[in-house]
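K.L.:
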Amino acid sequence: MTSKRGLLLPAIFIIILILIALAANFSQVTGAFTLSGNSGHANAQEKTIKVGAILMLTGEGAAIGQEMQRGIELMVREINVDKNSKFKVQVIYEDSGFIDNQKIVSAAQKLIYVDNVDLVIADTTEVIRPIKYTLEQTNTPAIVVWDSTNEMNSSKNIFSTGFSVEKTGEIMADFFKNKLGVKTLAIVSHEDTWAELVSDSLRKKFEQEGGKVLMQEKVPVEETDFKTIISKVNESGAEGLAHIFIPTNSVVLFFKQTKQMGFQAKTLTADFTFYKSMLGDAEDSMEGVYFTNLYITNNPLLEKINQDYIKQYREEPVMAEFFSFGYDGMRVFDEALKTTTDFSKQGIIDALGKIENFPLAGGGEITLTKGMQKNRVEDVFVIKNGKAVPAE
């Protein structure tokens with residue numbers, strides 16, 4: 000004889016199954032569900048995209064990293080208050096120190112495997128280099144906002160809104176040979192991968208154009224006494240000096256010491272970070288020095304975001320170019336995602352790869368399509384009366 004309890008249990012089970020089916024059907028009709036971090040074609044209105052930003056927030060480059068962070072923050076606010084946006088953005092910031100590989104690797108591991116970010120933003124290619132394999136193995140899209148190298152351009156999931164490092168060396172060589180009339184050159188650089196890339200491309204181009212490199216020396220990044228190396232340059236008789244230092248206070252120290260020693264060679268420094276406090280510290284020792292940079296004037300978009308910066312932070316940008324780097328990186332990301340409803344990692348990679356001839360607040364245009372990349376290139380400026388002006 001079957002008990003009442005035995006009859007009730009199957010009936011209850013059937014009712015539960017019916018309720019689950021109805022709930023699932025209702026969910027599909029209304030679109031009322033939350034997307035996971037790597038979901039693809041789902042309701043975009045419910046999507047929050049996680050971005051991991053690895054920036055130099057401590058150490059000698061902290062001022063640069065903090066300006067980039069503010070640029071990112073400003074663009075993220077624009078995205079998140081836009082009622083027509085298909086997504087919201089959450090940014091998780093990690094400190095790289097001053098290009099500290101151990102910190103960089105730890106930060107990337109946390110962002111990718113713990114925070115499950117959909118995109119990594121890095122300040123320089125130096126940050127990407129030790130984590131390139133991890134990014135590629137996890138198919139995590141990444142955007143570098145300061146610079147770009149041929150190696151990074153060859154990666155299927157790493158993009159750059161910055162300037163071409165190799166091209167900077169070529170521009171320096173061309174300027175020395177064809178604008179300044181320099182036939183013999185000395186190259187002094189930091190012991191650093193970026194500096195090595197610039198130096199190598201400069202030397203190759205300069206020698207191709209008939210110039211001669213009389214000496215090439217490297218100094219540790221932490222070095223502060225340059226008198227010996229300056230004496231060597233003087234003794235070499237080189238007509239020009241290519242100075243390729245990471246933009247730290249060592250740049251100021253170097254040029255103060257050149258003035259103290261009566262240095263006369265025509266000098267072009269790579270990627271000089273032109274801002275008032277650094278130039279003030281240099282006093283007049285950098286007068287007449289040429290430098291490469293993306294320093295842009297009379298750019299309406301840059302002027303607009305500078306005003307937005309002042310409203311938000313109640314002060315002027317310390318370094319407008321670095322602020323614009325962070326802003327442009329997020330702005331390109333936003334532009335790419337406007338064209339898709341697939342917010343998976345692969346969907347983001349595909350969308351970024353469709354960016355072509357996109358104008359940037361920091362000046363110039365970029366194309367991210369693989370095989371057709373168009374990176375920004377730096378111009379040459381000169382310090383005149385304490386101000387940066389385009390070199391003639």
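Read left to right, the sequence shown gives residues 0 to 391 (numbering that gives the first Met the number 0). Positions of the beta carbon are idealized from the N, C-alpha and C atoms, including for glycine. A quick note: this is a predicted structure, and the numbers were derived from the prediction, not measured.
1. Considering only C-alpha positions, which residue in the set Asn305, Pro246, Gly180 is nearest to Thr291?
2. Taking the alpha helix (DSSP H) that Phe271 falls in, what are its first and last residues?
3. How would you call Pro389, buried or exposed, if buried means at least 16 neighbouring beta carbons within 10 angstroms?
4. Are the CB atoms of Arg330 and Met74 within a distance shorter than 7 Å?
5. Looking only at C-alpha atoms, which of Thr160, Lys131, Val50, Asp224 sits nearest to Ile91?
6. So Phe158 and Ile142 are in contact, right, with Cβ under 8 Å, and what is the actual spacing, rounded?
7. Tell me the DSSP secondary structure of Thr57 in three-state form.
8. For the stretch 358-365 against the stretch 316-323, are there 3 or more C-beta pairs whose distance is under 8 Å?
9. Val126 and Ser105 look like a contact to me (Cβ under 8 Å); what is the Cβ gap, rounded to whole Å?
10. By the three-class DSSP mapping on this structure, what secondary structure does Thr124 have?
11. How would you call Ile382, buried or exposed, if buried means at least 16 neighbouring beta carbons within 10 angstroms?
12. Could you tell me the boundaries of the alpha helix (DSSP H) in which Phe253 lies?
13. Looking at the structure shown, is Ile170 part of a helix, part of a strand, or coil, going by DSSP?
14. Is DSSP giving Leu410 helix, strand or coil here?
15. Counting only the same chain and skipping the five closest in sequence on each side, list residues whose C-beta sits under 7 Å from that of Val376.
16. What residue from Ala269, Gln101, Leu213 has the CA that sits closest to Leu196's CA?
17. With DSSP run on the structure shown, which of helix, strand or coil describes Leu240?
18. Do Lys265 and Gly239 have their beta-carbon atoms positioned less than 7 Å apart in this structure?
19. Cα separation between Thr47 and Leu351?
20. Which two residues bound the contiguous beta strand (DSSP E) that contains Leu110?
21. Please classify Ile309 as buried or exposed, where buried requires at least 16 neighbouring CB atoms within 10 angstroms.
22. Could you check what DSSP says for Gly287 in three-state terms: helix, strand or coil?
23. In angstroms, rounded to a whole number, what distance separates the CA positions of Met214 and Met285?
24. Can at least three beta-carbon pairs, one atom from the stretch 168-187 and one from the stretch 230-239, be found at a separation below 8 Å?
25. Let's test the definition: count the other Cβ atoms within 10 Å of the Cβ of Lys82 and tell me whether it reaches 16, buried, or not, exposed.
26. With Thr133 as the anchor, note down where its alpha helix (DSSP H) starts and where it stops.
27. Which term fits Arg76, buried or exposed, when burial requires 16 or more other beta carbons within 10 angstroms of its beta carbon?
28. Apart from the five residues on each side of it in sequence, which residues of its chain come closer than 6 Å, Cβ to Cβ, to Phe253?
29. Determine, using beta carbons only, whether Gly58 and Phe86 come nearer to each other than 7 Å.
30. Closest to Glu190 by CA distance: which of Arg69, Lys217, Lys344, Ser198 is it?
P.N.:
Per the coordinate set shown:
1. Pro246
2. Taken as a continuous stretch (DSSP letters only), Phe271 belongs to no alpha helix (DSSP H), as it is neither H nor E.
3. exposed
4. yes
5. Val50
6. 5 Å
7. coil
8. yes
9. With a Cβ gap of about 12 Å, Val126 and Ser105 do not count as contacting.
10. helix
11. Classification of Ile382: buried, given that the 10 Å Cβ count is 16 or more.
12. Residues 248-259.
13. helix
14. This structure does not reach residue 410, given that the chain is present from 0 up to 391, and the question cannot be answered.
15. Phe162, Ser163, Lys166, Ile170
16. Looking at Ala269, Gln101, Leu213, the one whose alpha-carbon comes closest to that of Leu196 is Ala269.
17. It is a strand residue.
18. yes
19. Each residue's alpha carbon lies about 18 Å from the other.
20. Run containing Leu110: none; DSSP gives neither H nor E here.
21. exposed
22. coil
23. 22 Å
24. The stretch 168-187, when compared against the stretch 230-239, does touch it at the 8 Å Cβ threshold.
25. Flag for Lys82 reads exposed.
26. 131-136
27. exposed
28. A distance below 6 Å between beta-carbons, with the five flanking residues on each side excluded, links Phe253 to the following residues of its chain, in chain order: Phe225.
29. no
30. Among Arg69, Lys217, Lys344, Ser198, the Cα nearest to that of Glu190 belongs to Lys217.
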